[in-house]
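Report on one structure; see the data block that follows.
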Amino acid sequence: AGRIASLFATLHAIGIESDDGVELLIHVGIDTVKLDGKFFSAHVNVGDKVNTGDRLISFDIPAIREAGFDLTTPVLISNSDDFTDVLPHGTAQISAGEPLLSIIR
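Everything in the sequence shown is counted per our numbering, starting at 120 for the first residue and increasing by one.
Structural data, given as structure tokens:
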């Protein structure tokens with residue numbers, strides 16, 4: 120669980136601060152900021168409390184691909200120096216609901 124710390128005006132990136140202090144940035148696609156919000160919609164606002172499984176943003180995958188953008192979605196821990204280690208789970212592709220990272224304090 121956590122709260123929405125930031126939501127870019129172009130809706131392509133969102134920041135979350137977990138209840139235990141992890142600062143997470145999810146950036147949908149590469150250079151998708153150039154779409155200026157086209158094909159994206161937000162389901163949350165800055166300050167909203169969120170839980171695992173909550174819908175944060177939606178985006179039109181076929182339209183974004185057709186516009187020529189790569190949908191690789193980096194997920195970054197922006198305060199990783201505050202932790203002993205950040206360990207990825209699995210491979211470069213995961214399914215919804217699967218753990219993505221483990222944070223070692």
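By construction, the Cβ of each residue, glycine as well, lies at the ideal position given by its N, Cα and C atoms.
The structure presented is a predicted model; accordingly, all values stated were derived computationally and were not measured.
Quiz item: What residues in its chain sit with their C-beta under 8 Å from that of residue 155, if we drop five residues either side in the sequence?
Solution: Taking the sequence shown and counting its residues from 1, one reaches residue 155 at position 36. In the same chain as residue 155, and ignoring 5 residues on each side of it, the C-beta atoms closer than 8 Å to its own belong to 129, in chain order.
Quiz item: When the Cα atoms are used, what is the spatial distance from residue 220 to residue 174?
Solution: In the sequence shown, residue 220 corresponds to position 101, counting from 1. In the sequence shown, residue 174 corresponds to position 55, counting from 1. Residue 220 and residue 174 have their C-alpha atoms roughly 19 Å apart.
Exercise. Mind checking which residues open and close the alpha helix (DSSP H) that includes residue 122?
Key: As a first step, residue 122 must be located in the sequence shown, where it is residue number 3. Element bounds for residue 122: not the alpha helix (DSSP H) but the beta strand (DSSP E), 121-126.
Quiz item: Just curious, the alpha helix (DSSP H) that residue 183 is in, first and last residue?
Solution: Counting from 1 along the sequence shown, the entry for residue 183 is found at position 64. Element bounds for residue 183: 180-185.
Quiz prompt | Between the CA atoms of residue 163 and residue 177 - distance to the nearest angstrom | solution = Here residue 177 refers to the residue found at position 58 of the sequence shown. Here residue 163 refers to the residue found at position 44 of the sequence shown. Those two C-alpha atoms are separated by around 11 Å.
Quiz item: When DSSP labels each residue in this structure, what does residue 152 get in the three-state scheme?
Solution: Here the question's residue 152 lines up with position 33 in the sequence shown. Of the three classes helix, strand and coil, the one that applies to residue 152 here is helix, per DSSP.
Self-check item: First and last residue of the uninterrupted beta strand (DSSP E) at residue 146
Solution: Your numbering for residue 146 matches position 27 in the sequence shown. Residues 142-146.
Self-check item: the stretch 144-153 contacting the stretch 192-207, beta-carbon criterion three pairs below 8 Å
Solution: The stretch 144-153 is in contact with the stretch 192-207.
Quiz item: Between residue 158 and the rest of its own chain, which residues show a CB-CB distance below 8 Å, the 5 nearest in sequence each way excluded?
Solution: For the purposes of this step, residue 158 is taken as the residue at position 39 of the sequence shown. Cβ neighbours of residue 158 beyond the five flanking positions: 178, 179, 182, 183, 186.
Quiz item: Cβ of residue 165 within 8 Å of Cβ of residue 137?
Solution: As a first step, residue 165 must be located in the sequence shown, where it is residue number 46. As a first step, residue 137 must be located in the sequence shown, where it is residue number 18. Taking 8 Å as the cut-off, the Cβ atoms of residue 165 and residue 137 do not count as close.
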